[in-house]
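Colleague:
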Amino acid sequence: EAQVTQNPRYLITVTGKKLTVTCSQNMNHEYMSWYRQDPGLGLRQIYYSMNVEVTDKGDVPEGYKVSRKEKRNFPLILESPSPNQTSLYFCASSPGQRIQYFGAGTRLSVL
Amino acid sequence: QQQVKQSPQSLIVQKGGISIINCAYENTAFDYFPWYQQFPGKGPALLIAIRPDVSEKKEGRFTISFNKSAKQFSLHIMDSQPGDSATYFCAASRRGNQFYFGTGTSLTVIP
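The listed protein sequences correspond, in order, to chains A and B.
Residues 224 to 334 (the numbering used here) make up the first sequence, in order.
Residues 1396 to 1506 (the numbering used here) make up the second sequence, in order.
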């Protein structure tokens, strides 16, 4: 089954404790993105990648890192999480033509 | 600032009625305008999309109307059904897989 898989689905952590949210797609898509969704703000793009080793900043990249060492994986790294990074995070992948397939989301709470 | 402005924030429609959600943008570099549907606990799913070289696109009960000169586009849901109750996001994209989303519209269709 074609899918975008995010792990974990739920995460509670404390300020400053490094964490990684994984994203994997099995559709051989070149493009992948990370978004955060906040009430009243919609979805905002954090980072996107157009291919292996090619990443670029989205609208709200501060406090986040990404890497794209393999085509199928695009992890989101929070080196020192802060409470304002409490949010619902979505990974998406795309075969091109801007069509995006989203994962089920990761709900992160930073205390 | 919000690159894509979406209204209304919430909408209640009777079954069989027409639901209309509006979006506006400023950046003329945008060349792809998708609409996404999101159910609670799920990731957004692409519903329908349009490019600025056409003024209207229809897929089943869903229609996008696009006004390039006014920099506005809208989603019309004909014969709205309770199963259409969801949150709808408009978005705009320019080359390079960079996306900007509206703030979302929560649609409730009353039986």
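For each residue, glycine too, the CB sits at the ideal point set by N, CA and C.
Just so we're clear, the structure is a prediction, and the values are computed from it rather than from any experiment.
State the Cα-Cα distance for the pair asparagine 1492 of chain B and valine 277 of chain A, rounded to the nearest angstrom.
Modeller: Rounded to whole angstroms, asparagine 1492 of chain B to valine 277 of chain A spans 12 Å at the Cα level.
Colleague: Against chain A, does alanine 1486 of chain B count as a neighbour if the rule is that its beta carbon must be under 9 Å from one of theirs?
Modeller: So, interface residue.
Colleague: Pull out every residue of the stretch 298-316 of chain A whose Cβ sits closer than 9 Å to any Cβ of chain B, in chain order.
Modeller: Answer set for the stretch 298-316 of chain A: Phe313, Cys314 and Ala315.
Colleague: Distance, Cα to Cα, aspartate 1474 of chain B vs glycine 1455 of chain B?
Modeller: Going from the Cα of aspartate 1474 of chain B to the Cα of glycine 1455 of chain B covers about 10 Å.
Colleague: Could you confirm whether any beta carbon from chain B is found closer than 9 Å to the beta carbon of leucine 266 of chain A?
Modeller: Yes, leucine 266 of chain A lies at the interface with chain B (some Cβ there is under 9 Å from its Cβ).
Colleague: To the nearest angstrom, how far is it from the Cα of cysteine 1485 of chain B to the Cα of glycine 1499 of chain B?
Modeller: The straight-line gap from Cα to Cα measures roughly 7 Å.
Colleague: Sort B:Phe1434, B:Gln1398, B:Lys1410 and B:Glu1421 by Cα distance to asparagine 1462 of chain B and report the nearest one.
Modeller: Out of B:Phe1434, B:Gln1398, B:Lys1410 and B:Glu1421, B:Glu1421 has the C-alpha closest to the C-alpha of asparagine 1462 of chain B.
Colleague: Under three-state DSSP, which class holds asparagine 1422 of chain B?
Modeller: Asparagine 1422 of chain B: coil per DSSP, three-state reduction.
Colleague: When the Cα atoms are used, what is the spatial distance from alanine 225 of chain A to methionine 250 of chain A?
Modeller: Taking the straight line joining both Cα atoms gives about 6 Å.
Colleague: Helix, strand or coil: how does DSSP classify aspartate 1479 of chain B here?
Modeller: Helix.
Colleague: Tell me the DSSP secondary structure of alanine 226 of chain A in three-state form.
Modeller: Reading off the sequence, residue 226 of chain A comes out as glutamine, not alanine. Three-state DSSP puts glutamine 226 of chain A in coil, outside helix and strand.
Colleague: Pull up the distance between the alpha-carbon of glycine 1412 of chain B and that of valine 1504 of chain B, whole angstroms please.
Modeller: If I take the Cα positions, the gap works out to 9 Å.
Colleague: Using alpha carbons as the reference points, say which of B:Tyr1483, B:Pro1447 and B:Asn1417 lies closest to threonine 1423 of chain B.
Modeller: Nearest option by C-alpha distance: B:Pro1447.
Colleague: Counting only beta-carbon separations shorter than 9 Å, does glutamine 323 of chain A have a partner in chain B?
Modeller: At least one chain B Cβ lies under 9 Å of glutamine 323 of chain A.
Colleague: Quick one, which residues of the stretch 272-297 of chain A are near chain B if we go by CB-CB under 8 Å, in chain order?
Modeller: Here the close residues are Met273, Asp279, Gly281 and Asp282.
Colleague: Please classify glycine 1436 of chain B as buried or exposed, where buried requires at least 16 neighbouring CB atoms within 10 angstroms.
Modeller: The residue is exposed, with fewer than 16 neighbouring Cβ atoms inside 10 Å.
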